[in-house]
Amino acid sequence: MEVEEVIPSLLIEIMVRPRVGDFRYTSQEIEVMLEDIAYFKELGVRGFVVGVLTEQGSVDIDIMKRLVDRILPLEVCFHRAFDMTKDPVQALEDIIEIGGISRLLTSGHGKSVPESLGTLELLFKTAKRLQGDAVWGLTIMPGGGVNRNSITTIVQQLLPRGLREIHLSGGRWNNSAMQFKREGMGFGASVEREWAVWATSKKEVYRVREAADFAWDEYWDGISESESEEADPNPPSNA
Numbered sequence: 034m035e036v037e038e039v040i041p042s043l044l045i046e047i048m049v050r051p052r053v054g055d056f057r058y059t060s061q062e063i064e065v066m067l068e069d070i071a072y073f074k075e076l077g078v079r080g081f082v083v084g085v086l087t088e089q090g091s092v093d094i095d096i097m098k099r100l101v102d103r104i105l106p107l108e109v110c111f112h113r114a115f116d117m118t119k120d121p122v123q124a125l126e127d128i129i130e131i132g133g134i135s136r137l138l139t140s141g142h143g144k145s146v147p148e149s150l151g152t153l154e155l156l157f158k159t160a161k162r163l164q165g166d167a168v169w170g171l172t173i174m175p176g177g178g179v180n181r182n183s184i185t186t187i188v189q190q191l192l193p194r195g196l197r198e199i200h201l202s203g204g205r206w207n208n209s210a211m212q213f214k215r216e217g218m219g220f221g222a223s224v225e226r227e228w229a230v231w232a233t234s235k236k237e238v239y240r241v242r243e244a245a246d247f248a249w250d251e252y253w254d255g256i257s258e259s260e261s262e263e264a265d266p267n268p269p270s271n272a
């Protein structure tokens with residue numbers, strides 16, 4: 034059964050990452066990634082989320098080209114391995130040079146989007162310089178620390194630079210339903226979250242979307258008002 038038959042209202046992109054840890058993969062791990070892409074490609078997904086780096090902390094152009102070639106004509110998103118690169122501007126240039134990558138997920142090369150707005154502005158500016166007005170160019174999608182408290186500032190600052198998409202988990206920790214919790218056993222999570230369950234909150238996603246839409250409307254209303262004033266700097270008086 035294909036993905037679109039099960040959830041026709043959602044466009045799904047699969048993250049292909051064979052393990053936790055760094056983003057430098059062995060040849061065997063790359064083969065696993067290629068096989069995973071081939072498998073899920075048959076299930077009707079919209080695209081894939083991938084990212085591979087060199088030992089020196091740059092984008093591995095050769096390996097990425099292999100992955101992109103396997104994914105196309107579906108969409109390709111380079112994930113937050115970007116935020117672990119040595120030089121964000123050079124990494125962005127490499128990603129654009131590879132070709133076929135439609136989206137870049139990044140916190141702005143920092144811990145979170147709100148802390149990295151200056152770098153994100155630079156990335157948007159660099160992408161614009163390299164791509165011009167290309168219709169099918171790379172889209173920069175900020176993600177990391179995006180929530181109802183930060184979204185307004187993010188949209189207001191980055192929308193003029195070309196922001197059109199955002200990424201968030203919209204999640205929160207929920208208390209476990211377990212009444213018996215065996216002491217001294219763990220699942221690899223931090224002690225305080227050992228028995229908690231992480232889940233996306235519909236209410237949180239809605240609040241972020243609502244705030245983003247409001248900031249979007251405010252921005253474009255301001256643009257329309259400015260254009261109207263420039264077109265007619267001396268409107269007739271109602272007196």
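Numbers in my numbering are just positions in the sequence shown, counted from 1, shifted up by 33. Backbone N, C-alpha and C fix where the C-beta goes; we use that ideal spot for every residue, glycine too.
Residues near residue i in its chain [Cβ-Cβ closer than 6 Å; skip 5 each side]
i      : result
GLU75  : none
GLN190 : LEU150
GLY170 : GLN164
For residue i, three-class secondary structure by DSSP
i      : result
THR139 : strand
VAL85  : coil
VAL230 : strand
THR118 : coil
PHE157 : helix
GLY80  : strand
PHE247 : helix
GLU108 : strand
VAL274 : Within the shown structure, residues of the chain are numbered from 34 to 272, placing residue 274 beyond reach of any answer.
VAL146 : coil
Inter-residue Cα distance where the pair is residue i and residue j
i      : j      : result
ARG99  : ALA210 : 45 Å
ILE173 : LEU86  : 19 Å
ARG194 : LEU156 : 9 Å
ILE40  : GLY77  : 11 Å
GLU225 : ALA124 : 36 Å
PHE115 : THR186 : 23 Å
MET117 : ASP102 : 24 Å
ASP246 : ARG240 : 10 Å
ILE184 : ALA244 : 7 Å
VAL49  : TYR252 : 36 Å
ASP254 : SER261 : 11 Å
Residue from the options whose Cα sits closest to the Cα of residue i
i      : options                           : result
ARG242 : ARG181, PRO121 and SER223         : ARG181
ILE199 : LYS144, VAL109, PRO175 and THR118 : PRO175
PRO106 : ILE96, GLY80 and SER261           : GLY80
VAL82  : LEU67, GLY255, ARG197 and GLU154  : LEU67
VAL65  : PRO51, PHE56 and LYS236           : PRO51
ALA232 : ASP250, TRP206 and SER60          : TRP206
VAL230 : PHE220, VAL238, TRP169 and GLU237 : PHE220
LYS236 : GLY203, GLU260 and ILE256         : GLY203
GLU154 : MET97, SER91, VAL122 and ARG136   : VAL122
ILE96  : PHE73, TYR58 and ILE70            : TYR58
LYS119 : ILE131, PHE56, GLY255 and ILE63   : PHE56
PRO147 : SER259, LEU201 and ASP254         : LEU201
ALA248 : GLU260, SER234, SER261 and VAL188 : VAL188
Spatial neighbours of residue i in its chain, beta-carbon cut-off 7 Å, leaving aside the 5 residues before and after
i      : result
TRP228 : SER209, MET211 and LYS214
LEU163 : GLU126 and ILE129
LYS93  : Checking the sequence, you will find Asp at residue 93 rather than Lys. Contacts found: VAL85, LEU86 and THR87.
GLU37  : GLY77
ILE134 : VAL101, VAL109, PHE111, ILE128 and LEU171
GLU46  : VAL78, ARG79, GLY80, PHE81, VAL82, GLU108 and CYS110
Same chain only: Cβ atoms within 8 Å of residue i, ignoring 5 sequence neighbours per side
i      : result
ARG113 : GLY84, LEU138, THR139, SER140, GLY176 and GLY177
*Inside the stretch 43-75 only - alpha helix (DSSP H) runs reaching at least 4 residues*: 60-74
*Taking only runs that begin and end inside the stretch 173-224, name each unbroken alpha helix (DSSP H) of 4 or more residues, in chain order.*
Counting only runs of 4 or more, we get 184-191.
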